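I have placed the structure first, in the form of structure tokens, so that the comments after it can refer back to it.
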Amino acid sequence: MIEINTIRTQPDLVKKGLAKKHFKDIQLVDELLQVDEQRRKVQQSLEDIRGKENILAKEIGELFKQGKKDEAETKKAQVTGLKEESAKLTEQLNKLESDQKDILVKFPNLPHSSVPEGKTPEENEVLKQVGEIPTLHDGATPHWDIAKKYDLFDLELGVKITGAGFPVYRGKGAKLQRALVAFFLDHAIEAGYEEVIPPYMVNEASAFGTGQLPDKEGQMYHATEDDFYLIPTAEVPVTNIYRDEIIEEKDLPKKNTAYSPCFRREAGSYGKDVRGLNRLHQFEKVEIVQIAHPDKSYDILEDMVKHVEVLLQKLELPYRILRLCGGDMGFASALTYDFEVYSAAQKRWLEVSSVSNFETFQTNRLKTRFRDENKKVRLAHSLNGSALALPRIVASLLENHQTKDGVTIPAALVPYTRFDKIA
RNA sequence: GGAGAGAUGGGUGAGAGGCUGAAACCACCAGUUUGCUAAACUGACGUACGGGUUAAACUGUACCGAGGGUUCGAAUCCCUCUCUCUCCGCCA
């Protein structure tokens, strides 16, 4: 949620930011300001009347104590008149407050000044590309064929058990998953992140806090009986650790990492985009999350980018880093770097990580604050990144490292898999 | 799933219609004392939304699990819900 104060003091800046994100209803900014002004007016008159009521109530109490019943009754009559008025104003205020929130919740976050203009993924800015694009041997195949050959995962079996997009990993395929998770977690822990194992279902307040609700309702699986949502990413439960918290400045930044399965409904794609492990309803991911001082959050974002880079280098995968353009960024993000890994057999780049600074957009909803050096309570910044999502890493690992007689496991991963070849 | 008890500030915990935004103790913070630490003493110490201010000061309203109700007045009484604990049942 954009801070109301920003909209009040810098409406033009807000409009410009929203335009960069290709938000359609920019006139909502002016509507919001009107509602806000009205709301404050009503709130003031209401509080004024409430104040009078409070004073009278006290006086009535006094009078009763002194036995001056008649005077007390006269005052009671006065209060009755005030109450009618305050009831009316309360109703108005509630309406205005909910109107205001309804609008506020629709605004995406404002983009950072470095975010490039643009609407489509093609307009994302490629910052750098690292690593050799491998030339594959004759007869090299996409990962779904490799998986079949070595019995690493089985999508049809998943269809039988659940449905499309729920793979069954088996044998070395399963072990590879486990190895990658451990490898990623160990790196995060080494970088100072505290590991947590969060719930994989969250309540409505948590889903709202990180921005999944009300915007992306349809992307989450919803257990309606208990009104829980299956997490689309560990970001949701982990960031919500800090909901309604005031953190001492000296304790910032808070750094957490978590492995979790992720559940996404993601309707509406087809063809090669969803072949094999390219797009799944359930997948594994290690997430890193930080709650940061506003002055430091962009330095921290760079650190997180570096963290992900090192992982990809150790896995010996060619990657590139993109700075997302305004139109392709997520709803809640102020600046997002996407990581893509080259999938040699599919001959395309696959997104494997997204690292973002949300500034105060999430923390404003979450009420995640810190006490600064002047003892003032302020909103912290929240950041997160995938470090890393497994399926496409597995896909490119299998494709890029395939040889005529099997798939070579990168050296950094061998201590975790305890085999160096899939053959 | 059944029965009972409970939910108050960072923590423990008092309060049982007006004197309570809330005792006391602990923790935290600032200071005094001290060679240093400890102890002792003094003081400050919730949040949100408004008003006010360059910023403070100051000030209004709301908040004692959540929502509703009774009342001139509710942490306190009533209703609904949620959660926690104890016992029983079931269970990895």
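The first sequence runs 158 to 580 under my numbering. The beta-carbon is built from N, C-alpha and C at its ideal position, and this holds for glycine as well. Since the model is a prediction, treat every value here as computed from it, not as a measurement.
Could you check which residue in SER553, THR565, ALA546 has the C-alpha nearest to that of ARG335? ALA546
Alpha carbon of ASP485 to alpha carbon of PRO273, nearest angstrom: 10 angstroms
Quick check: the stretch 378-392 against the stretch 429-446, are there 3 or more CB pairs under 8 angstroms? yes
Would you check if there are 3 or more beta carbon pairs closer than 8 angstroms linking the stretch 231-240 to the stretch 251-266? no
In this structure, how does DSSP classify GLU289 when only helix, strand and coil are distinguished? coil
Can you check which of these residues, ALA339, PRO451, PRO567, is closest to ALA537 by C-alpha distance? PRO451
Can you name the start and end residues of the alpha helix (DSSP H) that SER243 belongs to? 226-261
Name the one or two DSSP bridge partners that SER511 has. ASP495
Would you report the Cα separation of PHE488 and GLU361, rounded to the nearest angstrom? 18 angstroms
DSSP beta-bridge partners of GLN503: DSSP lists no partner for GLN503.
Report yes or no: do the stretch 198-217 and the stretch 267-282 share at least 3 C-beta pairs separated by less than 8 angstroms? no
The alpha helix (DSSP H) spanning GLU216 covers which residue range? 185-222
Write down every uninterrupted run of the beta strand (DSSP E) in the stretch 368-415 whose length is 3 residues or greater and which is fully enclosed by it, in chain order. 385-387, 402-405
Compare the C-alpha of LEU507 against each of ASN514, ARG432, ARG535, GLY375 and name the closest. ARG432
Below 8 angstroms between beta carbons: does that hold for PRO548 and HIS558? no
Per-residue burial, VAL534 [other beta carbons within 10 Å of its own, 16 or more giving buried]: exposed
At which residues does the beta strand (DSSP E) containing GLU539 begin and terminate? In the sequence as presented, Glu is not what sits at residue 539; that position holds Ser. Here the beta strand (DSSP E) through SER539 covers 538-546.
Excluding the 5 residues preceding and the 5 following THR520 in the sequence, name in chain order all residues of the same chain whose CB lies nearer than 6 angstroms to its CB. LEU536, ALA537, SER539
What three-state label does DSSP hand ILE445 in the structure shown? strand
Quickly, what does DSSP pair PHE440 with across the bridge? List them, please. CYS419
Do you know offhand how far GLU352's Cα is from LEU409's? 16 angstroms
Measuring only the C-alpha atoms, how far is TYR416 from GLU392? 10 angstroms
Applying the criterion that 16 or more other CB atoms from any shown protein chain within 10 Å of the CB defines a buried residue, is PRO418 buried or exposed? exposed
Under the DSSP definition of a beta bridge, which residues are partnered with LEU479? VAL283, ASP495
CB-CB under 8 angstroms to HIS464, same chain, minus the five flanking residues each way: which ones, in chain order? HIS344, ALA345, ALA348, ILE445, GLY542, ALA544
Leaving aside the five residues before and after LEU284 along the sequence, list all residues of the same chain whose C-beta is less than 6 angstroms from its C-beta, in chain order. ILE478, ARG480
Return the chain-ordered list of same chain residues with a C-beta closer than 6 angstroms to the C-beta of TYR399, the five sequence neighbours on each side being excluded. ILE448, THR525
One or two residues paired with TYR326 in a DSSP bridge: PHE310
What residue range is occupied by the uninterrupted alpha helix (DSSP H) comprising THR574? 571-574
According to DSSP, what are the bridge partners of GLY563? THR560
Give a yes or no on whether the C-beta atoms belonging to PRO371 and VAL262 are separated by under 8 angstroms. yes
Taking the straight line between their C-alpha atoms, what separation do you get for TYR455 and ASP383? 38 angstroms
Output needed for ILE579: all residues of its chain with C-beta closer than 6 angstroms, excluding positions within five of it in sequence on either side, in chain order. TYR307, LYS329, GLY563, VAL564
Only counting the same chain, and skipping five residues up and downstream in sequence, which positions put a Cβ closer than 8 angstroms to that of ILE318? VAL325
Under a three-way DSSP split, which group does PHE365 fall into? helix
Going by beta carbon distance, what residues of the same chain come within less than 6 angstroms of GLU473, once the five residues before and after it are set aside? PRO567
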